[in-house]
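In what follows, a structure is listed as C-alpha cells, so that the remarks can point back to it.
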Amino acid sequence: MLSVSELSFERYFEPVFEPVSFELGTGSLLLVTGANGCGKTTLLRLLAGLLEPSEGEIKCPNRPLYAGHNPAIKDDLSVEENIRFLMRFMGGRCAKSELEQCQEIIKEIGLAPVAQQEGRTLSAGQRKRCSLSRLLFCDEALWLLDEPYSNLDREGIAMLDEIVRGHLDDGGSCVMTTHGSLRPEGFDLQECFLLSGREQTA
Amino acid sequence: MSQPALSTAFLALLRRDFLLAYRRRAELLQPLVFLLVVVTLFPLGVGPSPQLLAKIAPGVIWIAALLATVLSLDSLFRSDYEDGTLEQMVLSGQPLALIALARIVAHWLVAGLPIILLSPLLALWMNLPDAGVPVLIKSLAIGTPVLSLIGAIGGALTVSLKRGGQLLSLLVFPLYVPLLILATSAVSAAVSGLPYNGQLGLILAGMIAALTLAPFATAAALKLSLS
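Sequences listed follow chains A and B, in order. Numbered by my numbering, the letters in the first sequence go through residues 1 to 202 in order. Numbered by my numbering, the letters in the second sequence go through residues 1001 to 1227 in order.
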C-alpha cells in the first residue's frame, strides 16, 4: 500500500532526517517516533505530497488522508457547519442523508453538546476531536496522522484507538507520529525511529 | 474513492465563503467605509469647486476602489492558510485552480460588487457629470473582477508571510496601473462626449485574460506558499 525507499528531505541544504525506508501493507500500523524536531511532521508531509522529496522514492497508489497539526476548523462556523463543509468538499462514504450522517458523527466523536457552538469557543481537545471527525466519513485507505493523541483526554484516546483499529480491520493502513509519551496500545505495529539529520552532519 | 464532483466542491466552497462573510460582516464593511471616507476627503482637501471635482472624479473614485480592494485582499487566503484548511484543499485532489477561482468569485461578490453599487453615490459626491456615470459603472463592472483576479495572485504569494499586507500592495499596484489608466480615460472621454468603447473593450479583454490565467497563477502561488 505504501512503499518508501531511501527517502530524505533537505531544508537549507541540510538533511532534516536520516534516510528512511519502509514498506506498509494492508491492515498495518506504522508508528514514527523520535525526539522533537527530528522531522516527523516533515516525513508525514512528504508522504502526503505537500513536500517534494530531495532524494528517494515514495510509492503510494492512492491519495492518502493527512490530518496534521492544524485542525482545519473555521472559528466562525459551528461544529456542525464545519463538518458538513468537509463532508461536501472532501467527499467520502455517504450512506444516509448528509445531515443525519453529520449528526451521527458528532455524537460519535463526543461533541453533541457543542454541535451548534462556534469553532472559536472549543477547547484544544474538542478542536482535535472535531478535526478527527474526518476519519469517520473519509474513504481513503491510507491515513497519515500527525500526533493524533495531542490534547485528547483519556476517553478521546480510547475513541481514537477504536477508530484506528476499525480502519485496520477493514484493510486500511495508518502511519502515525508520536514523540513518545502517548502510544497506541494493543496494536500489532511496526515502528520507525527517526533520527535528525543535523546531528550527523555536525 | 468517491470524490465529489467539481461542481459540488465548488458550490460547497462558495456556500462556506458566503456564510463566513456573513459571520464576519464587520470585517467586510471596513473596506467599503474606507472607500466612502477616502472619496469624502477629496472635496475637503482640494477645495469644493464643482468644476475641479468633476475633473478629478474618475481618478479619485477609481483610486479609492483600488485601495479598498487591496485592503480586503490580504484576508483572501490567510485564514485558510493559518488554520490548515488550505492544506486540506490542496490534498483533496480537486484542481487547485478551481478552488482559487471559487475564492476569487466569493471575494468579488462581497468586495467588488458593493463598490459598483456605491459608485452612483460616489459620482454624485464628486459632481461627476451625468454623461460619465453609466461609463463609470460599466468600467467598474468589468474592472473590479480584474482587481480581484490579479489581487488573488498577490494574496497567494504573500500568504505565508507574517505581515504580507504591505508587500502585497507593492506587488499588485503596478499591475493595476494599466487598468486605472484605461478606466479613468474611458470615463473622462464619456464626459467630454468622445467615444470610449475602445478603452472599455481593452478592459474587457484584460478581464477575460485575467479570468483565464489568474486562477492557474494563483494555484501555483498557493502551492509555492505551502511548501
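We put the beta carbon where it would ideally sit given N, CA and C, even for glycine.
Open item on the list: For a test of the three-state rule: what should DSSP assign to Q116 (chain A), helix, strand or coil?
Closed with: Counting from 1 along the first sequence, the entry for residue 116 (chain A) is found at position 116. Three-state DSSP puts Q116 (chain A) in coil, outside helix and strand.
- [ ] Note down, in chain order, each residue of its chain lying with its Cβ closer than 7 Å to the Cβ of Q126 (chain A), except the 5 sequence neighbours on either side.
- [x] Taking the first residue of the first sequence as 1, we reach residue 126 (chain A) at position 126. Excluding positions up to five away in sequence, the list reads L111, V114.
TODO: Using a Cβ-Cβ cut-off of 8 Å, state whether Y66 (chain A) counts as contacting chain B.
DONE: Taking the first sequence and counting its residues from 1, the one referred to as residue 66 (chain A) is at position 66. Taking Cβ atoms only, chain B reaches closer than 8 Å to Y66 (chain A), which makes this a yes.
- [ ] Provide the residue(s) that pair with C192 (chain A) in DSSP beta bridges, ordered along the chain.
- [x] On the first sequence, residue 192 (chain A) is found 192 positions in, with the first residue counted as 1. BP columns for C192 (chain A) point to A:V32.
- [ ] Could you please tell me which residues of the stretch 1005-1024 of chain B, in chain order, have their CB closer than 7 Å to any CB of chain A?
- [x] T1008, A1009, A1012, L1013, R1016, L1019, L1020, R1023, R1024
- [ ] Assuming A1012 (chain B) contacts R134 (chain A) (C-beta within less than 8 Å), just tell me the rounded distance between them.
- [x] Counted from its first residue, the second sequence places residue 1012 (chain B) at position 12. Counted from its first residue, the first sequence places residue 134 (chain A) at position 134. Incorrect: roughly 15 Å between the Cβ atoms, too far for contact.
TODO: Report buried or exposed for S21 (chain A), applying the criterion of at least 16 other Cβ atoms within 10 angstroms of its Cβ.
DONE: For the purposes of this step, residue 21 (chain A) is identified with residue 21 of the first sequence, where counting begins at 1. Under this definition S21 (chain A) is an exposed residue.
Open item on the list: Helix, strand or coil for Y67 (chain A)? Go by DSSP, reduced to three states.
Closed with: Counting from 1 along the first sequence, the entry for residue 67 (chain A) is found at position 67. Going by the sequence as given, residue 67 (chain A) is Ala instead of Tyr. In this structure, A67 (chain A) counts as strand in the three-state DSSP scheme.
Task: Residues bridged to L145 (chain A) [DSSP beta-bridge criterion] - done: Indexing the first sequence from 1 puts residue 145 (chain A) at position 145. A:A67, A:M176.
Open item on the list: For a test of the three-state rule: what should DSSP assign to G1045 (chain B), helix, strand or coil?
Closed with: One-based indexing of the second sequence puts residue 1045 (chain B) at position 45. DSSP places G1045 (chain B) in helix when its eight states are reduced to three.
TODO: Kindly say whether L51 (chain A), judged by its beta-carbon, lies nearer than 8 Å to any beta-carbon of chain B.
DONE: The residue given as residue 51 (chain A) occupies position 51 in the first sequence. Yes, L51 (chain A) lies at the interface with chain B (some Cβ there is under 8 Å from its Cβ).
TODO: Determine which residues of the stretch 1081-1111 of chain B have a Cβ less than 8 Å from any Cβ of chain A, and write them out in chain order.
DONE: E1082, D1083, G1084, T1085, E1087, Q1088, M1089, V1090, L1091, S1092, G1093, Q1094
Task: chain A contact for Q1166 (chain B) (CB, 8 Å cutoff) - done: Within the second sequence, residue 1166 (chain B) is the residue found at index 166, counting from 1. It does not; no Cβ of chain A falls within 8 Å.
- [ ] Determine the contact status of V1105 (chain B) and L1096 (chain B), defining contact as a CB-CB distance below 8 Å.
- [x] Stepping through the second sequence from its first residue, residue 1105 (chain B) is reached at position 105. Stepping through the second sequence from its first residue, residue 1096 (chain B) is reached at position 96. No.
- [ ] Report buried or exposed for M1001 (chain B), applying the criterion of at least 16 other Cβ atoms within 10 angstroms of its Cβ.
- [x] What you label residue 1001 (chain B) is simply residue 1 of the second sequence in a count that begins at 1. Per-residue confidence for M1001 (chain B) stands at a pLDDT of 45, beneath the threshold of 50, marking its modelled position as unreliable; the derived number appears in the next sentence. That one is exposed.
Open item on the list: Which of the three DSSP states is assigned to G56 (chain A) in this structure?
Closed with: In the first sequence, the residue the question calls residue 56 (chain A) occupies position 56. Three-state DSSP puts G56 (chain A) in a strand.
TODO: Leaving out five residues on either side along the sequence, give the residues of the same chain with a beta carbon under 6 Å from the beta carbon of F1042 (chain B).
DONE: Reading the second sequence from its first residue, position 42 is the one you call residue 1042 (chain B). The answer, listed in chain order, is V1060.
Open item on the list: What would DSSP say about P1058 (chain B), mapped onto helix, strand or coil?
Closed with: Here residue 1058 (chain B) refers to the residue found at position 58 when the second sequence is read from its first residue. Helix.
TODO: State buried or exposed for E147 (chain A), treating a residue as buried only when at least 16 other CB atoms are found within 10 Å of its CB.
DONE: Taking the first sequence and counting its residues from 1, one reaches residue 147 (chain A) at position 147. The residue in question, E147 (chain A), is buried, as its Cβ has 16 or more Cβ neighbours within 10 Å.
Open item on the list: Using beta carbons (cut-off 8 Å, strictly below), is R88 (chain A) in contact with chain B?
Closed with: On the first sequence, residue 88 (chain A) is found 88 positions in, with the first residue counted as 1. With 8 Å as the cut-off, R88 (chain A) counts as an interface residue toward chain B.
Task: chain A within 8 Å of L1179 (chain B), Cβ atoms only - done: To locate residue 1179 (chain B), count along the second sequence from 1; it is residue 179. Not an interface residue.
TODO: Counting only the same chain and skipping the five closest in sequence on each side, list residues whose C-beta sits under 6 Å from that of F1077 (chain B).
DONE: Translated into positions along the second sequence, residue 1077 (chain B) becomes position 77. Cβ neighbours of F1077 (chain B) beyond the five flanking positions: G1155, A1156, V1159.
Task: Strand pairing of S5 (chain A), partner residues [DSSP] - done: Within the first sequence, numbered from 1, the residue matching residue 5 (chain A) stands at position 5. Partner(s): A:E57.
- [ ] Say whether chain A places a C-beta atom closer than 8 Å to the C-beta of L1226 (chain B).
- [x] As a first step, residue 1226 (chain B) must be located in the second sequence, where it is residue number 226. Yes, its Cβ sits closer than 8 Å to a Cβ of chain A.
TODO: Examine chain A for any beta-carbon lying closer than 8 Å to the beta-carbon of Q1003 (chain B), and answer yes or no.
DONE: In the second sequence, residue 1003 (chain B) corresponds to position 3, counting from 1. Yes - at least one Cβ of chain A is within 8 Å of the one on Q1003 (chain B).
Task: Residues of its chain near V1070 (chain B), where Cβ-Cβ distance is below 6 Å and the 5 sequence neighbours each way are ignored - done: By 1-based counting over the second sequence, the position of residue 1070 (chain B) is 70. Here the set comprises S1169.
Task: Assigned exposure category for H69 (chain A) - 16 Cβ within 10 Å defines buried - done: Counted from its first residue, the first sequence places residue 69 (chain A) at position 69. That one is exposed.
Task: L1073 (chain B) beta carbon less than 8 Å from that of D1080 (chain B) - done: On the second sequence, residue 1080 (chain B) is found 80 positions in, with the first residue counted as 1. On the second sequence, residue 1073 (chain B) is found 73 positions in, with the first residue counted as 1. Result no, Cβ atoms of D1080 (chain B) and L1073 (chain B) do not sit closer than 8 Å.
- [ ] Using alpha carbons as the reference points, say which of B:G1112, B:L1052, B:L1226 lies closest to K1138 (chain B).
- [x] Within the second sequence, residue 1138 (chain B) is the residue found at index 138, counting from 1. Of the candidates B:G1112, B:L1052, B:L1226, the one whose C-alpha sits nearest the C-alpha of K1138 (chain B) is B:G1112.
Open item on the list: According to DSSP, simplified to helix, strand and coil, what is V16 (chain A)?
Closed with: Taking the first residue of the first sequence as 1, we reach residue 16 (chain A) at position 16. Residue state, collapsed to three classes: coil.
Open item on the list: For chain C, check one thing: does any of its Cβ atoms lie closer than 8 Å to the Cβ of D170 (chain A)?
Closed with: Looking for chain C here will not work: the only protein chains present are A and B.
TODO: Mind listing the chain B neighbours of E81 (chain A)? Cutoff is C-beta to C-beta under 9 Å, in chain order.
DONE: Residue mapping note: residue 81 (chain A) aligns to position 81 of the first sequence, counting from 1. Correct list: R1016, L1019.
Task: Residues that I212 (chain A) contacts on chain B, provided the C-beta gap is smaller than 9 Å - done: Residue 212 (chain A) lies beyond the residue range present for chain A, which begins at 1 and ends at 202; the question has no answer from this structure.
- [ ] Excluding the 5 residues preceding and the 5 following F193 (chain A) in the sequence, name in chain order all residues of the same chain whose CB lies nearer than 7 Å to its CB.
- [x] Within the first sequence, numbered from 1, the residue matching residue 193 (chain A) stands at position 193. Same-chain partners within the cutoff: T33, G34.
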